[in-house]
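In this note's numbering, the protein residues as written are 224 to 366. For glycine and all other residues, C-beta sits at the position ideal for the given N, C-alpha and C. The structure appears below as structure tokens.
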């Protein structure tokens with residue numbers, strides 16, 4: 224039974240209009256860190272994560288890390304939880320631009336909570352919540 228379900232889960236989801244959407248991999252998770260520096264050191268020293276880059280998002284310090292082939296974004300939450308964090312990121316294959324993707328997701332019953340263009344594009348992210356309120360980032364970078 225698992226093999227049949229697993230195989231079905233790996234197939235692209237086809238919409239009636241013929242567009243295709245497929246999760247290609249889990250990219251990472253993004254979490255709040257109330258004690259930012261101590262949390263970064265924990266992931267480095269205890270778990271063996273590597274800090275790839277430190278930067279700011281909307282004026283907040285972020286450490287982008289790698290651990291076991293997964294990306295981790297630690298957001299400085301010393302001033303309170305960051306909006307949109309925590310969330311998990313899945314890399315998607317899309318056959319359409321961002322506006323068409325939003326329309327497709329909304330047609331499937333998802334409420335799009337936000338979007339983000341990756342630099343000058345063409346990559347972008349679309350944010351939705353699952354039925355339990357967990358925030359999910361669906362990301363694509365065709366280049």
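When the beta-carbon positions are compared, residue 334 and residue 351 come within less than 9 Å of each other. The residue among 325, 249, 309, 299 with its C-alpha nearest the C-alpha of residue 258 is 299. Residue 343 sits in coil when the DSSP states are folded into three classes, being neither helix nor strand.
Linking residue 297 to residue 353 through their CA atoms gives a straight-line distance of about 22 Å. Rounded to whole angstroms, residue 264 and residue 330 show a C-alpha spacing of 43 Å.
Residue 359 has 311, 351 as its beta-bridge partners, per DSSP. Only residues of its own chain outside the window of five on either side were considered, and among them 309 have a CB closer than 6 Å to the CB of residue 254, listed in chain order. For the set 278, 271, 302, 316, the Cα lying nearest the Cα of residue 246 is the one of 316.
Taken in chain order, the complete alpha helix (DSSP H) segments of 4 residues or longer contained in the region 288 to 332 are 321 to 330. Relative to residue 250, the option among 319, 266, 291 whose CA is nearest is 291. Taking 9 Å as the cut-off, the beta carbon of residue 365 is found no closer than this to the beta carbon of residue 342. Linking residue 320 to residue 362 through their CA atoms gives a straight-line distance of about 12 Å.
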